[in-house]
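Worksheet: the structure to be examined is printed underneath.
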Amino acid sequence: MNGKAQVMNPSAPLLQGVQAPDVQVDPKSFYPATRRMRFPMKSLVNIAGLGSTDPVTLRQTGIVSYLEIRVTGTLVFGGTITGTSMSFLWPFGLINEVRLSANGQSNLIKCRGIALRAYECVTNPRVDDTGTAATFGSTAVTSGTMKFPVDDWGTSGVNSLNPGATVAAVGTYTVDLTFLVPVTADAMLLVGSVYAQSSATNLTAEIQWETQAQLLTLGGAATLAQNLQYQIVGVVYSIPNVGGRFVVPDLSLFHQLAEFRQSGLGQNLNEVNLPGTGAGRKLLRLFWNIYTGTAPGTPLALNAANYNTLGWAYGGADVPEAYANGQQMRAMVYRDCGVDIGQNWGFGVWDFASIFALRDAVDEGATSDLRIQLGLVASPTNGAAQILQETVFAGPVGA
Numbered sequence: 129m130n131g132k133a134q135v136m137n138p139s140a141p142l143l144q145g146v147q148a149p150d151v152q153v154d155p156k157s158f159y160p161a162t163r164r165m166r167f168p169m170k171s172l173v174n175i176a177g178l179g180s181t182d183p184v185t186l187r188q189t190g191i192v193s194y195l196e197i198r199v200t201g202t203l204v205f206g207g208t209i210t211g212t213s214m215s216f217l218w219p220f221g222l223i224n225e226v227r228l229s230a231n232g233q234s235n236l237i238k239c240r241g242i243a244l245r246a247y248e249c250v251t252n253p254r255v256d257d258t259g260t261a262a263t264f265g266s267t268a269v270t271s272g273t274m275k276f277p278v279d280d281w282g283t284s285g286v287n288s289l290n291p292g293a294t295v296a297a298v299g300t301y302t303v304d305l306t307f308l309v310p311v312t313a314d315a316m317l318l319v320g321s322v323y324a325q326s327s328a329t330n331l332t333a334e335i336q337w338e339t340q341a342q343l344l345t346l347g348g349a350a351t352l353a354q355n356l357q358y359q360i361v362g363v364v365y366s367i368p369n370v371g372g373r374f375v376v377p378d379l380s381l382f383h384q385l386a387e388f389r390q391s392g393l394g395q396n397l398n399e400v401n402l403p404g405t406g407a408g409r410k411l412l413r414l415f416w417n418i419y420t421g422t423a424p425g426t427p428l429a430l431n432a433a434n435y436n437t438l439g440w441a442y443g444g445a446d447v448p449e450a451y452a453n454g455q456q457m458r459a460m461v462y463r464d465c466g467v468d469i470g471q472n473w474g475f476g477v478w479d480f481a482s483i484f485a486l487r488d489a490v491d492e493g494a495t496s497d498l499r500i501q502l503g504l505v506a507s508p509t510n511g512a513a514q515i516l517q518e519t520v521f522a523g524p525v526g527a
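Residue numbers 129 to 527, in this note's numbering, belong to the letters of the sequence shown in order.
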């Protein structure tokens with residue numbers, strides 16, 4: 129908008145497809161006058177249950193940039209614990225999927241809890257898991273787990289619940305996790321944030337909880353009682369009145385994180401077409417990780433032993449970027465974000481936005497048959513990739 133105010137026609141104003149009377153798009157006036165606010169969108173309540181979904185209607189206030197989901201409570205193991213273990217979906221996979229719809233756009237956010245944590249590790253330069261003690265499988269590690277010092281993956285005295293590890297003893301294990309949902313694509317400029325200051329706004333979230341059977345295996349004589357709660361806090365910016373007019377930033381774009389699963393992966397090069405591409409969309413980042421083995425599977429570490437060619441392509445044979453093996457890409461990802469998300473969880477990411485999005489973001493309207501290349505050294509057992517696209521696209525704005 130180049131800082132100039134754009135007057136919305138008061139007879140039929142539209143902002144992200146929503147009627148917004150008496151509002152002007154004026155970034156230069158908005159930024160110094162707005163106020164950041166944090167308040168509960170959903171107070172702490174019990175989850176609907178493992179395998180169930182909690183729908184939430186969010187508050188219609190201001191400009192929504194982030195949602196903070198907190199999951200807290202206990203898992204109580206009883207009986208005879210022998211044969212009980214946590215899967216590699218624990219702990220971040222406790223949230224099977226978060227879905228956010230707003231202002232006529234369904235599934236602006238549609239991804240797993242672990243994808244949200246990986247996204248935060250990549251996009252927030254202040255996040256660092258180095259030095260945070262954790263156990264992954266049977267190995268004690270101090271990096272590459274995406275565990276924050278404030279996380280509680282499940283603690284009962286000296287015992288803990290860890291991904292891919294046996295449960296050592298019966299007891300009450302405390303759990304405390306947070307997930308940051310990025311409604312906005314840019315925390316400073318608020319690109320992609322959602323206009324919510326209208327009775328016509330429709331802002332809803334759904335949290336789908338993973339099933340018990342996918343999260344853990346109970347020994348034949350073991351029992352489990354979950355006592356988990358969740359809450360949602362909104363990070364919202366006020367719409368200030370400047371000189372007798374309400375002003376907002378440029379909200380012409382929507383921000384989307386959309387994840388899908390691709391099964392049937394085999395040895396050597398797998399090319400997976402990205403769904404939902406088209407004119408008017410810009411690809412900011414492309415995340416992926418692969419699981420092997422009996423469901424829910426084990427994440428395939430990003431290294432040279434597991435991966436050969438990794439790239440992205442479009443058209444007939446255009447491959448703008450590629451790496452010869454997984455270790456090279458893992459090093460690049462660590463260099464870009466400072467967290468070794470490929471070491472244990474096996475995440476790779478093509479980041480087109482962190483340095484200069486205007487130059488590097490992929491114009492999906494100019495790249496037909498956009499796809500990701502996943503080269504595997506060996507054929508995985510039941511190999512399946514989880515692929516997350518981050519895009520921005522134009523929303524209806526105007527009279």
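Even for Gly, the Cβ is constructed at its ideal location relative to N, Cα and C.
Review point. For M460, does the three-state DSSP call read helix, strand or coil?
Key: helix
Point to revise | Residues near Y435 in its chain [Cβ-Cβ closer than 7 angstroms; skip 5 each side] | key: N453, G454, G503, L504, V505
Review point. Quick one: what's got a C-beta closer than 6 angstroms to A296's C-beta in the same chain, skipping five residues either side?
Key: N287
**Study point:** Under the three-state DSSP convention, the category A512 falls into
**Key:** strand
Check your understanding: Are A148 and V370 close, meaning C-beta to C-beta below 8 angstroms?
Key -> no
Practice item. Check N130 in the structure and name its three-state DSSP category. Key: Residue placement at N130 is flagged as unreliable, the pLDDT there being 41, under the threshold of 50; the coordinate-derived value follows with that caveat. Residue state, collapsed to three classes: coil.
Check your understanding: Who are the Cβ neighbours of L344 in its own chain at under 8 angstroms, not counting the five residues just before and after it?
Key -> T212, S213, M214, S215, W218, V295, L352
Check your understanding: When burial is assigned at 16 or more other CB atoms within 10 Å of the CB, is I367 buried or exposed?
Key -> buried
Review point. When the Cα of N355 is compared with those of L203, S321, W440, which residue comes out closest?
Key: L203
Check your understanding: Do you know offhand how far P277's Cα is from Q390's?
Key -> 33 angstroms
Practice item. Count the C-beta pairs between the stretch 169 to 183 and the stretch 322 to 337 that are closer than 8 angstroms, then say yes if the count reaches three, no if not. Key: yes
Review point. To which residues of the same chain is Q384 closer than 6 angstroms at the C-beta, ignoring the five residues directly before and after it?
Key: L236, T519
Review point. In chain order, which continuous runs of the alpha helix (DSSP H) of length 4 or greater are located wholly inside the stretch 476 to 511?
Key: 485 to 488
Practice item. For D182, write down the residues that DSSP places opposite it in a beta bridge. Key: I335
Review point. Name the DSSP beta bridge partners of G207, please?
Key: A350
Exercise for review: Within 10 angstroms of the Cβ of M316, are there 16 or more other Cβ atoms? Answer buried if so, exposed if not.
Suggested key: exposed
Exercise for review: Return the CA-CA distance between A246 and A423, expressed in angstroms with no decimal places.
Suggested key: 21 angstroms
Check your understanding: Can the beta-carbon of L308 be found less than 8 angstroms from the beta-carbon of E248?
Key -> yes
Review point. Hey, T437 and L498 are a contact pair by Cβ (cut 8 angstroms); roughly how many whole angstroms apart?
Key: T437 to L498, Cβ: 17 angstroms. No contact.
Check your understanding: Whose C-alpha, out of D154, M169, A293, is nearest the C-alpha of S193?
Key -> M169
Review point. Taking one C-beta from the stretch 255 to 273 and one from the stretch 470 to 478 each time, how about it: are there three or more such pairs within less than 8 angstroms?
Key: yes
Review point. Candidates G320, D378, N252, R254: which alpha carbon is nearest Q152's?
Key: D378
Practice item. Assign F167 to buried or exposed, taking buried as 16 or more other Cβ atoms, counted over all protein chains shown, within 10 Å of its Cβ. Key: exposed
Exercise for review: Count the other C-beta atoms from every protein chain shown that fall within 10 angstroms of the C-beta of S327, then say buried if there are 16 or more, exposed otherwise.
Suggested key: exposed
Exercise for review: Report the rounded CA-to-CA distance for W416 versus S266, giving the unit in angstroms.
Suggested key: 24 angstroms
Check your understanding: Roughly how far, in whole angstroms, is the beta-carbon of I197 from the beta-carbon of I418, given that I think they are within contact range, below 8 angstroms?
Key -> Going by Cβ atoms, the distance from I197 to I418 rounds to 26 angstroms, so no, they are not a contact pair.
Check your understanding: A494 to Q340, Cα distance in whole Å?
Key -> 44 angstroms
Check your understanding: What residue ranges within the stretch 211 to 262 form continuous beta strand (DSSP E) runs of no fewer than 3 residues, ordered along the chain?
Key -> 223 to 230, 233 to 239
Practice item. Can you grab the Cα-Cα spacing for the pair N298 / G206, in whole Å? Key: A small correction: the amino acid at residue 298 is Val; Asn does not occupy that position in the sequence shown. If I take the Cα positions, the gap works out to 5 angstroms.
Practice item. Have a look at R487, A522, V490, L516 and flag the residue whose alpha-carbon is nearest the alpha-carbon of C239. Key: L516
**Study point:** Anticipated Cβ contact below 8 angstroms, V146 with Y323, distance rounded
**Key:** 6 angstroms
Review point. Between T302, L178, S496, which lies nearest to N401 when the distance is taken from Cα to Cα?
Key: S496
Practice item. Please report the Cβ distance between F382 and G523, rounded to the nearest whole angstrom; I am assuming they are in contact, meaning their Cβ atoms lie under 8 angstroms. Key: 5 angstroms
Check your understanding: If you draw a straight line from the alpha carbon of N252 to that of G466, how long is it in whole angstroms?
Key -> 9 angstroms
Point to revise | Same chain, Cβ closer than 6 angstroms to A176, five either side skipped, listed in chain order | key: D182
Point to revise | Supposed close pair A230, T263 - CB separation, criterion 8 angstroms | key: No, A230 and T263 are not in contact; Cβ-Cβ is about 39 angstroms, not under 8 angstroms.
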